[in-house]
Amino acid sequence: MKLVSFTAGLGNQLFQYCFYRYLLNKFPNEKIYGYYNKKWLEKHGGIIIEHFFDVKLPRSTRWINLYGQYLRIIYKCFSCGVSKDDDFEMNRTMFVGYWQDQCFFSGINISYKKDLVISEKNTWLLGEILKCNSVAIHFRRGDYMLPQFKKIFGEVCTVKYYLKSIRKVEEKISEPVFFVFSDDIDWVKPSLCRAGQKSLAEFAARR
Numbered sequence: 087m088k089l090v091s092f093t094a095g096l097g098n099q100l101f102q103y104c105f106y107r108y109l110l111n112k113f114p115n116e117k118i119y120g121y122y123n124k125k126w127l128e129k130h131g132g133i134i135i136e137h138f139f140d141v142k143l144p145r146s147t148r149w150i151n152l153y154g155q156y157l158r159i160i161y162k163c164f165s166c167g168v169s170k171d172d173d174f175e176m177n178r179t180m181f182v183g184y185w186q187d188q189c190f191f192s193g194i195n196i197s198y199k200k201d202l203v204i205s206e207k208n209t210w211l212l213g214e215i216l217k218c219n220s221v222a223i224h225f226r227r228g229d230y231m232l233p234q235f236k237k238i239f240g241e242v243c244t245v246k247y248y249l250k251s252i253r254k255v256e257e258k259i260s261e262p263v264f265f266v267f268s269d270d271i272d273w274v275k276p277s278l279c280r281a282g283q284k285s286l287a288e289f290a291a292r293r
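Every position in the sequence shown, counted from 1, becomes a number in the numbering used here once 86 is added.
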């Protein structure tokens, strides 16, 4: 039996799903379950990969999650049982990581959901992006604003940092048009307006 942890946002969940498929091929005779830690997942909106892609995630049970918690404790005490990105061992029981390596997802096909429809707003936004020298700006806040991460990430990319970066881009690109994306757009818009960047705030969209 093996457990694959699913956590973080859409991109990382895609990597974790590919790794799960990799394990299915590697260990065809073993049962492989999913470990879904609610506390980890709620920081990024839960399991969202199923909203956008045709995937069949590994099943889980209450006992599987309890077993996963037990294995994490064992790993902290004895460094065994759990495989991580920086401590990878194929023959361990639980896998907690992002697995961002081509060897884990080469040849695996994942399709979009057939009923996935681009909204009218996104269709308009895509058209605006394609018809100019577009530059995307991403303000990531969300989990970076949590107490345990704020000291590390929270004060790195300030509004001042973004404004300085915008000036650099304007020096190198002719007539750039900036499109702003964020997981905290309600903070970004007034912050840009206060910084004298009302036009940027108008092109702000939720990530």
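Glycine included, every Cβ here is placed at the ideal spot set by N, Cα and C.
Helix or strand or just coil, what does DSSP make of Arg97? The count along the sequence shown starts at 1 and reaches residue 97 at position 11. Just to set this straight, residue 97 is Gly in the shown sequence, not Arg. Here Gly97 sits in helix by DSSP.
Is the beta carbon of His130 sitting closer than 7 Å to the one on Gly97? By one-based count along the sequence shown, residue 130 stands at place 44. By one-based count along the sequence shown, residue 97 stands at place 11. The answer is no: Cβ separation not under 7 Å.
Starting from Pro276, trace the alpha helix (DSSP H) in both directions and tell me its first and last residue. Locating residue 276 in the sequence shown gives position 190, counting from the first residue. Start and end: Ile271 to Arg280.
Express the C-alpha separation of Asp229 and Phe101 in angstroms, rounding to a whole number. Numbered from its first residue, the sequence shown carries residue 101 at position 15. Numbered from its first residue, the sequence shown carries residue 229 at position 143. Spanning the two alpha carbons is a distance of roughly 20 Å.
For the 8 Å Cβ check, are there 3 or more pairs between the stretch 218 to 238 and the stretch 260 to 270? yes
Out of Lys142, Ile133, Glu257 and Glu241, state which residue places its alpha-carbon closest to the alpha-carbon of Asn195. Start at 1 with the first residue of the sequence shown, and residue 195 comes out as number 109. Nearest C-alpha to Asn195: Lys142.
Cα-Cα separation, Phe164 to Glu256: Counting from one through the sequence shown, the residue named residue 164 turns up at place 78. Counting from one through the sequence shown, the residue named residue 256 turns up at place 170. For Phe164 and Glu256, the distance between alpha carbons rounds to 53 Å.
Complete runs of the alpha helix (DSSP H) confined to the stretch 147 to 212 [at least 4 residues]: 148 to 164 and 188 to 191
Based on the DSSP secondary-structure assignment, which residues constitute the bridge partners of Tyr119? To locate residue 119, count along the sequence shown from 1; it is residue 33. Bridge partners of Tyr119: Leu89.
Once DSSP output is grouped into helix, strand and coil, what is the label at Ile238? Here residue 238 corresponds to residue number 152 of the sequence shown, with the count starting at 1. It is helical.
Backbone CA spacing between Trp126 and Thr93 [nearest angstrom]: On the sequence shown, position 40 is the one that residue 126 refers to. On the sequence shown, position 7 is the one that residue 93 refers to. Distance between the alpha carbons of Trp126 and Thr93: 6 Å.
Can you find a CB in chain B that lies within less than 7 Å of the CB of Asp269? Absent here is chain B; the protein component of the structure consists of one chain.
Are the CB atoms of Ser169 and Arg178 within a distance shorter than 7 Å? For the purposes of this step, residue 178 is taken as the residue at position 92 of the sequence shown. For the purposes of this step, residue 169 is taken as the residue at position 83 of the sequence shown. Result yes, Cβ atoms of Arg178 and Ser169 sit closer than 7 Å.
Buried or exposed for Trp185, going by 16 or more other Cβ atoms inside 10 Å? For this step, residue 185 is matched to residue 99 along the sequence shown. Buried, because 16 or more other Cβ atoms sit within 10 Å of the Cβ of Trp185.
Among residues of its own chain, excluding the 5 on either side of Glu261, which ones have a beta-carbon nearer than 8 Å to its beta-carbon? Position 175 of the sequence shown holds residue 261. Counting only Cβ-Cβ distances below 8 Å, and skipping sequence neighbours, we find Cys218 and Asn219.
Can you give the Cα-Cα distance for Leu232 and Ile238, rounded to whole angstroms? Taking the first residue of the sequence shown as 1, we reach residue 232 at position 146. Taking the first residue of the sequence shown as 1, we reach residue 238 at position 152. Roughly 10 Å between the two C-alpha positions.
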